[in-house]
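K.L.:
Have a look at the structure that comes next, please.
Now the structure itself:
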């Protein structure tokens, strides 16, 4: 049996993602009452108001059915509002509500702390390199 560390990249990415997500979710729920998935959607709606759910799905890299459920939770919590699309009769557009903006403001210090902790663990160079590598992987066409 080898004493070398496990270098299966996919396994390590999955394990790291799970640990980071559960920790970040716990912290963001405590700070703002929203999960990291919800925060991602809120940032996307804030940054591009009046987008459709289909556009949001593309932005987040999720299936439309997953975004439908996510938007239902966000509208149910009063964080996002839906209104009829001006040209597409079956579509709706999404807008951040005041409560959604408040949730983002409440979550931001925790997001900043979490990123600072990751930077401390990885070092400045490692943090930047990890971000670049993950960005390439996120948009890689396998």
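In the UniProt record's numbering, the protein residues as written are 1 to 142.
We put the CB at the ideal spot given by N, CA and C, even for glycine.
These figures come from a predicted structure and were not determined experimentally.
#1: Would you kindly work out how many angstroms separate the C-alpha atoms of residue 84 and residue 120, rounded to a whole number?
#2: At which residues does the alpha helix (DSSP H) containing residue 91 begin and terminate?
#3: Using the rule of at least 16 other Cβ atoms within 10 Å of the residue's Cβ for burial, across every protein chain shown, is residue 36 buried or exposed?
#4: Can you give, in chain order, each stretch of the alpha helix (DSSP H) that sits fully within the UniProt domain "HTH marR-type" (6 to 139) and has at least 4 residues?
#5: Between the Cα of residue 43 and those of 10, 108, 76, spot the shortest distance and give me the residue it belongs to.
#6: Would you please state the rounded distance, in angstroms, between the beta carbons of residue 71 and residue 55? I believe it to be under 8 Å.
#7: Are the CB atoms of residue 95 and residue 27 within a distance shorter than 8 Å?
#8: Whose C-alpha, out of 38, 59, 65, is nearest the C-alpha of residue 48?
#9: Out of curiosity, what's the CA-to-CA distance linking residue 106 and residue 29?
#10: Taking C-beta to C-beta, are residue 51 and residue 74 nearer than 8 Å?
P.N.:
Reading off the structure:
#1: By 1-based counting over the chain shown, the position of residue 84 is 84. By 1-based counting over the chain shown, the position of residue 120 is 120. One C-alpha to the other measures close to 45 Å.
#2: Indexing the chain shown from 1 puts residue 91 at position 91. No alpha helix (DSSP H) contains residue 91, which DSSP labels as neither H nor E.
#3: For the purposes of this step, residue 36 is taken as residue 36 along the chain shown, with counting starting at 1. Classification of residue 36: buried, given that the 10 Å Cβ count is 16 or more.
#4: 9 to 32, 36 to 47, 53 to 60, 64 to 76, 98 to 138
#5: Here the question's residue 43 lines up with position 43 in the chain shown. Here the closest residue by C-alpha is 108.
#6: Position 71 of the chain shown, counted from the start, is the residue given in the question as residue 71. Position 55 of the chain shown, counted from the start, is the residue given in the question as residue 55. With 8 Å as the limit, residue 71 and residue 55 do not qualify as a contact, their Cβ atoms being about 12 Å apart.
#7: Counting from 1 along the chain shown, the entry for residue 27 is found at position 27. Counting from 1 along the chain shown, the entry for residue 95 is found at position 95. With respect to the 8 Å criterion, residue 27 and residue 95 are not classified as neighbours on the basis of their beta carbons.
#8: As a position in the chain shown, residue 48 is number 48, starting the count at 1. Checked all of 38, 59, 65; the closest Cα to residue 48 is 59.
#9: For this step, residue 106 is matched to residue 106 along the chain shown. For this step, residue 29 is matched to residue 29 along the chain shown. Those two C-alpha atoms are separated by around 10 Å.
#10: Residue numbering aside, residue 51 sits at position 51 when the chain shown is read from its first letter. Residue numbering aside, residue 74 sits at position 74 when the chain shown is read from its first letter. No, they are not a contact pair.
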